[in-house]
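See structure below.
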Amino acid sequence: MNQTEQGTFLQENVSCADPSYTDSYLVKTTKTTLLAITMTIALFGNLLVIFIVYKNKKMRRTTNIFIANMATSDLFIAVVTIPRIITELYVGPRRWLIGGVIGTISCKLCLFLTDFSLGISFMSHSVIAIDRFCAIVYSLRLSPITPARRKYIIALIWLLIFMLNSPSFYTYRLQKMDDAMFCVTSWYPLDTKVSQMTFFSVILAIEFGVPILLMTVLYTWLIISLTSQKSLSTQSLHMRKIRRKEDIRVLRKVLTLLVVFLVSVIPITLLGVFLYYQWDFVLPCWAWSFAFVVHLLFLSNSAVNPCLCIALNASYKHYIQKLLCPSKYSNTRSSPGPSTQRKEGKELSDFSAENKQHFLLNER
């Protein structure tokens, strides 16, 4: 009995010739170019976001910290996932060019890190939603996500996602077929199809379903809260307007990032659902072109996300300008300009000592 009969299979099994042989030179070149552009923007864009948050102490607020956490995980997409997919355009799905121990390790790590990165992003978005909820709905209370706790929350996220996806280190393995090496999925001695469907369902529920439900509830509550005057009735009308304007600005930014993220991951998630539950692990011929578009959409989020962060946040843009033109900003600090500082100073002066403290604690 060969290993295929024992339960090894290629997730990309198709009932027709794969695109690595049927795609024309022009199609392959176009796909490669799109992936290379995505990889370049993702690599440098996410490194820039991490660098800005790390170097600028005033940027180290909860929202920015967890955006930087997502940027860190997105580097795996740029460095590992996209190069692998570009290679597969020319050698075939799951074909592996490295054998031996190094090949086995790279097979397990490359596929694991893609799933790992997606889980980190979902959990980071969830923590941002919790932080925004506490900062707006309970604005006069100290947020539970304090600077001292953030590093532990980040470590917990990484540990949780690692543990959830740890079976991948067992299931991904090298298999020689027709004198070529492939990185395949096998749960042997368990039934591979049943086990893979169960594993996919658990990941889908914990990493996708629970965060989506949580964020839907929290952001719906936030929007209702911002349209109500009751939560801020103890403050002056002037300060209510200031605080509401700031809350709405930050909320728009994080919601934009979230919506773009969901648009990029929902199609590939649905593709997985159909692959496992409808197509019996065999991708139909007509779905190949659609599958590439879905994968490209998923990968592009790692490039779009840092671009949106910079476009939607004046502090990011200001810091980039300072890096590009250091002489122009040699006598200024890395915070927004003097006029903005004077305006913020005037607004904060209207607070009582207690409310000012809460404003600074909850502002993200």
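Under the UniProt record's numbering, the final residue of the sequence shown carries the number 364; numbering is consecutive throughout. Cβ atoms here follow ideal geometry from the backbone N, Cα and C, with glycine treated the same way.
>> Check for me: the beta strand (DSSP E) holding residue 193 runs from which residue to which?
In response: Against the sequence shown, residue 193 aligns to sequence position 193. Where residue 193 is concerned, there is no enclosing beta strand (DSSP E), although the alpha helix (DSSP H) it sits in stretches over 192-203.
> From what residue to what residue does the alpha helix (DSSP H) around residue 94 run?
Replying inline: Numbered from 1 along the sequence shown, position 94 holds the residue referred to as residue 94. Note, residue 94: premise wrong, no alpha helix (DSSP H); not H, not E.
>> Suppose you measure from the CA of residue 98 to the CA of residue 183; what does that come to, to the nearest Å?
In response: The count along the sequence shown starts at 1 and reaches residue 98 at position 98. The count along the sequence shown starts at 1 and reaches residue 183 at position 183. Residue 98 and residue 183 have their C-alpha atoms some 10 Å from each other.
> Beta carbon of residue 198, beta carbon of residue 192: below 8 Å?
Replying inline: The sequence position of residue 198 within the sequence shown is 198, counting from 1. The sequence position of residue 192 within the sequence shown is 192, counting from 1. Annotated as distal: residue 198 and residue 192, with beta-carbon spacing of 8 Å or more.
> If you compare alpha carbons, which of 250, 100, 131 and 85 is closest to residue 141?
Replying inline: As a position in the sequence shown, residue 141 is number 141, starting the count at 1. A check of alpha carbon separations from residue 141 across 250, 100, 131 and 85 identifies 131 as the nearest.
>> Only counting the same chain, and skipping five residues up and downstream in sequence, which positions put a Cβ closer than 7 Å to that of residue 144?
In response: Translated into the one-based positions of the sequence shown, residue 144 becomes position 144. Closer than 7 Å at Cβ, skipping near neighbours: 134.
> If you draw a straight line from the C-alpha of residue 320 to the C-alpha of residue 38, how long is it?
Replying inline: In the sequence shown, counting from the first residue as 1, residue 320 sits at position 320. In the sequence shown, counting from the first residue as 1, residue 38 sits at position 38. Residue 320 and residue 38 have their C-alpha atoms spaced approximately 21 Å apart.
>> Can you look up residue 37 in the DSSP assignment and give me helix, strand or coil?
In response: Within the sequence shown, residue 37 is the residue found at index 37, counting from 1. Secondary structure at residue 37: helix, using DSSP grouped into helix, strand and coil.
>> Given this structure, state the Cα-to-Cα distance separating residue 228 from residue 137, to the nearest angstrom.
In response: In the sequence shown, counting from the first residue as 1, residue 228 sits at position 228. In the sequence shown, counting from the first residue as 1, residue 137 sits at position 137. Straight-line Cα distance between these residues: approximately 11 Å.
>> Tell me which residues share the same chain as residue 249 and place their Cβ nearer than 6 Å to its Cβ, disregarding the 5 neighbours each side in the sequence.
In response: As a position in the sequence shown, residue 249 is number 249, starting the count at 1. Within the same chain, residue 249 has no close Cβ partners at all.
> Thinking just about the alpha-carbon of each residue, which of 103, 288, 221 and 172 is nearest to the one in residue 111?
Replying inline: Here the question's residue 111 lines up with position 111 in the sequence shown. Nearest option by C-alpha distance: 172.
> How far does the alpha helix (DSSP H) with residue 278 in it reach, from first residue to last?
Replying inline: Against the sequence shown, residue 278 aligns to sequence position 278. Here residue 278 belongs to no alpha helix (DSSP H), and DSSP marks it neither H nor E.
> Under the DSSP definition of a beta bridge, which residues are partnered with residue 177?
Replying inline: In the sequence shown, counting from the first residue as 1, residue 177 sits at position 177. BP columns for residue 177 point to 180.
>> Residues in the same chain with beta-carbon distance under 7 Å from residue 253, minus the five sequence neighbours each way, listed in chain order, please.
In response: Within the sequence shown, the letter at position 253 stands for residue 253. Excluding positions up to five away in sequence, the list reads 312 and 313.
> In terms of residue numbering, what span does the alpha helix (DSSP H) encompassing residue 63 cover?
Replying inline: Mapped onto the sequence shown, residue 63 falls at position 63. For residue 63, the uninterrupted alpha helix (DSSP H) segment begins and ends at 62-76.
> Going straight from the alpha carbon of residue 299 to that of residue 55, what length do you get?
Replying inline: Here residue 299 refers to the residue found at position 299 when the sequence shown is read from its first residue. Here residue 55 refers to the residue found at position 55 when the sequence shown is read from its first residue. Approximately 27 Å, taken between the alpha carbons.
> What did DSSP end up calling residue 313 once you bin it into helix, strand or coil?
Replying inline: In the sequence shown, residue 313 corresponds to position 313, counting from 1. In the structure shown, residue 313 adopts coil according to DSSP, grouped into three states.
> Below 8 Å between beta carbons: does that hold for residue 70 and residue 211?
Replying inline: As a position in the sequence shown, residue 70 is number 70, starting the count at 1. As a position in the sequence shown, residue 211 is number 211, starting the count at 1. No, Cβ-Cβ distance for residue 70 and residue 211 is not below 8 Å.
>> Taking 8 Å as the limit between beta carbons, can you name the residues of its chain near residue 46, skipping five residues before and five after?
In response: What you label residue 46 is simply residue 46 of the sequence shown in a count that begins at 1. Taken in chain order, the residues that qualify are 71, 72, 74, 75, 78, 302, 305 and 306.
> Taking just the CA atoms, how far does residue 88 sit from residue 95?
Replying inline: Counting from one through the sequence shown, the residue named residue 95 turns up at place 95. Counting from one through the sequence shown, the residue named residue 88 turns up at place 88. Per the coordinates, the alpha-carbon of residue 95 lies some 7 Å from the alpha-carbon of residue 88.
>> Helix, strand or coil for residue 141? Go by DSSP, reduced to three states.
In response: Within the sequence shown, residue 141 is the residue found at index 141, counting from 1. Per DSSP, reduced to three states, the secondary structure at residue 141 is coil, with no helix or strand assignment.
>> Can you check which of these residues, 272, 170, 166 and 179, is closest to residue 188 by C-alpha distance?
In response: Residue numbering aside, residue 188 sits at position 188 when the sequence shown is read from its first letter. Minimum Cα distance to residue 188 is reached at 170.
>> Give me, in chain order, the residues of the same chain whose beta-carbon lies closer than 6 Å to that of residue 258; leave out the 5 immediate sequence neighbours on both sides.
In response: Numbered from 1 along the sequence shown, position 258 holds the residue referred to as residue 258. Counting only Cβ-Cβ distances below 6 Å, and skipping sequence neighbours, we find 125.
> Leaving out the 5 sequence neighbours to the left and right, which residues in its chain are closer than 8 Å to residue 295 when beta-carbon positions are compared?
Replying inline: If you number the sequence shown from 1, residue 295 lands on position 295. Same-chain partners within the cutoff: 85 and 268.
>> Restricting to Cα atoms, I'd like to know which of 164, 286 and 83 is closest to residue 106.
In response: On the sequence shown, position 106 is the one that residue 106 refers to. Of the candidates 164, 286 and 83, the one whose C-alpha sits nearest the C-alpha of residue 106 is 83.
>> Please state the DSSP three-state secondary structure of residue 368.
In response: The question about residue 368 has no answer, for the chain in this structure spans 1 to 364.
>> Give me the residue from 51, 151, 117 and 43 with the minimum Cα distance to residue 323.
In response: Within the sequence shown, the letter at position 323 stands for residue 323. It is 51 whose Cα lies nearest to the Cα of residue 323.
>> Residues in the same chain with beta-carbon distance under 6 Å from residue 80, minus the five sequence neighbours each way, listed in chain order, please.
In response: By 1-based counting over the sequence shown, the position of residue 80 is 80. Same-chain partners within the cutoff: 110 and 113.
> If you draw a straight line from the C-alpha of residue 194 to the C-alpha of residue 281, how long is it?
Replying inline: As a working mapping, residue 194 is identified with position 194 in the sequence shown. As a working mapping, residue 281 is identified with position 281 in the sequence shown. Just so you know, the alpha carbons of residue 194 and residue 281 end up roughly 11 Å apart.
>> In this structure, how does DSSP classify residue 24 when only helix, strand and coil are distinguished?
In response: For the purposes of this step, residue 24 is identified with residue 24 of the sequence shown, where counting begins at 1. Residue 24 sits in coil when the DSSP states are folded into three classes, being neither helix nor strand.
> Can you list, in chain order, the residues of its chain whose CB lies under 8 Å from that of residue 151, leaving out five sequence neighbours each side?
Replying inline: For the purposes of this step, residue 151 is taken as residue 151 along the sequence shown, with counting starting at 1. Close CB contacts of residue 151 within its chain, under the 8 Å cut and outside five residues either way in sequence, are absent.
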